[in-house]
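Residue numbers (my numbering), protein chains in the order written: chain A, 1 to 289; chain B, 290 to 527.
We put the beta carbon where it would ideally sit given N, CA and C, even for glycine.
For reference, the structure is listed below as structure tokens.
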Ligand SMILES: Nc1ncnc2c1ncn2[C@@H]1O[C@H](COP(=O)(O)OP(=O)(O)O)[C@@H](O)[C@H]1O
Ligand SMILES: [Mg+2]
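As structure tokens, this is what we get:
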């Protein structure tokens with residue numbers, strides 16, 4: 001009994017690490033640029049397909065492929081912000097929503113055209129996906145889920161250090177504080193936003209890698225990932241990266257508990273817990289704004 | 290001894306600033322030579338802030354020419370203008386409230402010419418800021434915030450500082466300190482444009498002044514050579 005509870009909690013926390021990875025880039029862009037990227041989940045799926053191609057067609061190790069892809073997604077985020085999203089900056093909130101909604105549809109249809117509707121998983125990480133560690137006779141933790149959670153924690157630490165202890169981080173926080181003031185003193189917000197979106201691109205690639213290793217994905221998986229990410233960000237509190245990690249873990253535990261009773265309940269219990277917590281504490285667990 | 294007028298650091302000609310169809314600044318000519326303090330006085334809404342913002346490439350759409358050190362900067366982005374040595378101390382101070390005092394100061398260095406004062410030197414000028422260096426700027430008093438705003442501009446190593454109503458809402462004793470500092474900065478050869486609503490303060494420190502009225506220069510001259518009544522007449526219009 002105790003073993004079962006401990007196991008369910010543990011698996012939930014590990015799943016939460018993956019959800020936090022989905023959510024961190026969204027959290028960063030919502031905290032810094034105050035906009036919701038409707039295509040966030042689709043970006044993750046898009047990069048998963050890119051990794052799929054690199055691992056299957058070229059036979060690369062998936063982590064080698066990830067390292068190759070990181071500069072690409074950084075540049076992708078930078079250019080997307082500079083040449084598309086920045087044009088919507090300063091307008092009302094509707095325009096960025098519409099633009100990213102359009103991107104979402106374009107990405108899904110483009111992937112369907114190119115790869116068909118089949119679902120895939122990423123391979124190419126050797127025995128990582130099946131290896132597990134026995135904690136007690138009844139409790140095993142998979143090496144991959146553990147690595148996923150550790151990566152999420154490391155990513156939060158890294159983003160936190162970047163924001164609070166680097167020059168770029170202080171520029172990003174300044175622009176988040178007061179865009180117009182930043183422009184007045186010659187700190188061009190367009191450039192800072194573009195770099196911030198480049199960083200989001202890096203988080204998207206990491207999320208894509210671990211999503212593809214941990215679960216199935218197909219061209220239309222994006223909106224589900226967005227929903228989870230969005231719930232994690234809101235549960236954790238806008239602007240707080242540690243909050244987003246906690247939000248992801250809360251969702252992971254809720255889903256694992258639901259699935260323990262009936263696998264059909266997994267997703268619905270997650271959403272119900274989100275709604276209940278949101279009603280009780282709309283500002284989130286660790287609100288910053 | 291022959292006194293040769295030095296080439297202007299800033300030469301603005303026929304500068305107009307528009308917000309849509311509305312002309313907030315109307316064909317203004319203004320110069321600042323190196324080492325000069327030039328005051329701009331004028332009532333609320335006269336176009337003073339619009340004028341200063343236009344010089345750093347912000348605010349309304351501009352027409353006319355802005356030459357800094359001989360180069361036409363009217364079409365430059367703000368980052369390039371600041372990098373060339375013009376720093377704006379904006380109206381309302383405009384610090385970043387969640388950034389610490391030190392981080393706010395450092396931003397000045399990051400956007401500037403990279404040869405200016407350090408944060409430590411600003412703390413020497415304003416010792417009370419030193420113990421607040423890790424405090425979010427939003428928690429400072431108005432006077433301390435103004436010191437940080439001036440310090441931020443100084444870190445960018447400006448050759449020309451544009452100060453927009455730095456005395457607004459501050460106690461007279463603090464304003465005296467800030468003005469003493471401006472004169473000290475000026476003696477190092479930094480040109481200063483001082484926008485003020487407080488006429489006597491602005492005229493006391495200025496080498497020359499301009500009076501704005503509804504977007505136009507209604508009067509320009511040397512403070513000591515201009516009678517108080519003449520100034521008031523052109524300040525309010527009549
Ligand atoms: N962003 C803006 N949009 C429209 N009108 C503006 C804007 N900023 C200033 N104005 C108008 O321009 C005129 C000059 O304003 P401003 O330059 O702030 O004057 P001052 O600094 O002398 O008080 C005012 O009539 C003001 O209402
Ligand atoms: Mg003003």
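Any chain B beta carbon closer than 8 Å to residue i
i, result
"residue 188 of chain A", "yes"
"residue 34 of chain A", "no"
"residue 27 of chain A", "no"
"residue 184 of chain A", "yes"
"residue 170 of chain A", "yes"
"residue 181 of chain A", "yes"
"residue 89 of chain A", "no"
"residue 118 of chain A", "no"
"residue 173 of chain A", "yes"
"residue 160 of chain A", "no"
"residue 177 of chain A", "yes"
Sub-8 Å separation of residue i and residue j beta-carbons
i, j, result
"residue 478 of chain B", "residue 442 of chain B", "no"
"residue 282 of chain A", "residue 238 of chain A", "no"
"residue 340 of chain B", "residue 306 of chain B", "yes"
"residue 25 of chain A", "residue 200 of chain A", "yes"
"residue 326 of chain B", "residue 496 of chain B", "yes"
"residue 299 of chain B", "residue 321 of chain B", "yes"
"residue 455 of chain B", "residue 435 of chain B", "yes"
"residue 103 of chain A", "residue 39 of chain A", "yes"
"residue 62 of chain A", "residue 122 of chain A", "yes"
"residue 222 of chain A", "residue 41 of chain A", "yes"
"residue 378 of chain B", "residue 451 of chain B", "yes"
"residue 353 of chain B", "residue 304 of chain B", "yes"
"residue 32 of chain A", "residue 176 of chain A", "yes"
"residue 241 of chain A", "residue 153 of chain A", "no"
"residue 439 of chain B", "residue 470 of chain B", "yes"
"residue 69 of chain A", "residue 207 of chain A", "no"
"residue 380 of chain B", "residue 408 of chain B", "no"
"residue 329 of chain B", "residue 525 of chain B", "no"
"residue 55 of chain A", "residue 65 of chain A", "yes"
"residue 457 of chain B", "residue 411 of chain B", "no"
"residue 249 of chain A", "residue 258 of chain A", "no"
CB contact check: residue i to chain A, cutoff 8 Å
i, result
"residue 258 of chain B", "The structure shown does not extend to residue 258 of chain B, since chain B spans only 290 to 527, so no value can be given for it."
"residue 290 of chain B", "Low local confidence applies: a pLDDT of 47 at residue 290 of chain B is under 50, so the model's placement there is unreliable, and no value is given."
"residue 395 of chain B", "yes"
"residue 371 of chain B", "yes"
"residue 517 of chain B", "no"
"residue 492 of chain B", "no"
"residue 483 of chain B", "no"
"residue 377 of chain B", "yes"
Alpha-carbon to alpha-carbon, residue j and residue i
i, j, result
"residue 385 of chain B", "residue 426 of chain B", "7 Å"
"residue 374 of chain B", "residue 363 of chain B", "14 Å"
"residue 405 of chain B", "residue 372 of chain B", "12 Å"
"residue 13 of chain A", "residue 253 of chain A", "6 Å"
"residue 246 of chain A", "residue 5 of chain A", "19 Å"
"residue 274 of chain A", "residue 67 of chain A", "34 Å"
"residue 297 of chain B", "residue 402 of chain B", "20 Å"
"residue 213 of chain A", "residue 112 of chain A", "20 Å"
"residue 51 of chain A", "residue 29 of chain A", "23 Å"
"residue 302 of chain B", "residue 114 of chain A", "59 Å"
"residue 290 of chain B", "residue 344 of chain B", "Residue confidence is low: residue 290 of chain B scores 47 on pLDDT, short of 50, so the model does not pin down where it sits. Its coordinate-derived value is still stated next. Their Cα atoms are separated by approximately 35 Å."
"residue 419 of chain B", "residue 395 of chain B", "14 Å"
"residue 105 of chain A", "residue 166 of chain A", "36 Å"
"residue 336 of chain B", "residue 314 of chain B", "5 Å"
"residue 89 of chain A", "residue 97 of chain A", "11 Å"
"residue 366 of chain B", "residue 219 of chain A", "42 Å"
For residue i, the nearest candidate out of the options (CA to CA)
i, options, result
"residue 389 of chain B", "B:423, B:409 and B:363", "B:423"
"residue 255 of chain A", "A:202, A:2 and A:17", "A:17"
"residue 235 of chain A", "A:220, A:251, A:66 and A:224", "A:251"
"residue 448 of chain B", "B:370, B:332, B:331 and B:459", "B:370"
"residue 516 of chain B", "B:527, B:489, B:395 and B:471", "B:489"
"residue 324 of chain B", "B:500, B:521 and B:494", "B:494"
"residue 3 of chain A", "A:81, A:135, A:265 and A:171", "A:135"
"residue 46 of chain A", "A:217, A:151 and A:11", "A:217"
"residue 431 of chain B", "B:461, B:347 and B:348", "B:461"
"residue 416 of chain B", "B:466, B:502, B:505 and B:480", "B:466"
By the 7 Å beta-carbon criterion, what residues does the segment 56 to 87 of chain A contribute toward chain B? Within the segment 56 to 87 of chain A, no residue qualifies.
Any C-beta of chain A within less than 7 Å: which residues of the segment 452 to 468 of chain B qualify? none
What is the chain-ordered set of residues for which the beta carbon lies under 5 Å from any non-hydrogen atom of ligand 3? Of the ligands one can find in the structure shown, namely ligand 1 and ligand 2, none is ligand 3.
Contact list for the segment 380 to 391 of chain B against chain A, Cβ threshold 8 Å: 383, 384, 385, 386, 387 and 388
Note down, in chain order, all residues in the segment 396 to 417 of chain B with a beta-carbon under 9 Å from any beta-carbon belonging to chain A. Residues 396, 397, 399, 400 and 401.
Going along the segment 338 to 367 of chain B in order, which residues come within less than 8 Å of chain A, judged by CB to CB distance? 342, 345, 347, 366 and 367
Using a Cβ cut-off of 9 Å, which residues of the segment 440 to 452 of chain B contact any Cβ in chain A, in chain order? 441, 442 and 445
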